[in-house]
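**Q**
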Amino acid sequence: MNENNGIISQPSSYSVAETIDRLIVALQAKSITIFARIDQQAEAEKVGLRLLPTQLLLFGKPEAGTPLMVAEPTIALDLPLKVLAWEATDGKVWLSYNDSDYLKQRFSLSDELVKNIDVIAPLIHQAFSSK
1 MNENNGIISQ
11 PSSYSVAETI
21 DRLIVALQAK
31 SITIFARIDQ
41 QAEAEKVGLR
51 LLPTQLLLFG
61 KPEAGTPLMV
71 AEPTIALDLP
81 LKVLAWEATD
91 GKVWLSYNDS
101 DYLKQRFSLS
111 DELVKNIDVI
121 APLIHQAFSS
131 K
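Count the sequence shown with full-length UniProt numbering and you get residues 1 to 131, in order.
So, in structure tokens, the structure goes:
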């Protein structure tokens, strides 16, 4: 689709764990369900592999996501929404997520439906605006 393959990545001034912690607080304040938090570094260590800090957060609101799945069932491959906090080899922490415009194009969604999932950027701003 474009040079970033529909993924938005922005730097975080916090550790991977604190980045996800802050995002969880912002999501819960909006009554958005946290479905899973996966510590991929810990899972790699369980099988004797090394991975820099990496955590994946799955979240959403069934009342927001269900209409999208009714309109286009295959969007369930990208729902619930996800954010990935990860540490690069230079020590910088990044927060990455799917661009809602990418999902709109990928699944031919209407503007009205995209509003249901266009919540990540404002929540990230909220979670990281006060350091």
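Ideal placement from N, C-alpha and C gives every residue a C-beta, glycine not left out.
None of the values given here were measured: they were computed from a predicted structure.
(1) Is R22 buried or exposed, if buried means 16 or more other CB atoms sit within 10 Å of its CB?
(2) Report the CB separation of S12 from F128 in whole angstroms; it is logged as a contact under 8 Å.
(3) Taking the straight line between their C-alpha atoms, what separation do you get for V114 and I75?
(4) I24 by DSSP, collapsed to three states: which one?
(5) Could you check what DSSP says for A127 in three-state terms: helix, strand or coil?
(6) Anyone know if the C-beta pair for T19 and Q40 falls short of 7 Å?
(7) Which residues does DSSP list as the beta-bridge partners of T54?
(8) For the beta strand (DSSP E) that A36 lies in, which residues bound it at each end?
(9) Report yes or no: do the region 102-109 and the region 50-66 share at least 3 C-beta pairs separated by less than 8 Å?
(10) Per DSSP, Y97 is paired with what?
(11) Does the beta-carbon distance from G6 to N98 come in below 7 Å?
(12) Count the other CB atoms within 10 Å of the CB of P80; is the residue buried (16 or more) or exposed (fewer)?
(13) Find the nearest neighbour of S15 within the set E87, D111, I24 and K61, judged by alpha-carbon distance.
(14) Straight-line CA distance for A71 to T89?
**A** Let me spell this out:
(1) buried
(2) 7 Å
(3) 11 Å
(4) helix
(5) helix
(6) no
(7) W86
(8) T33 to D39
(9) no
(10) I8 and V83
(11) yes
(12) buried
(13) E87
(14) 40 Å
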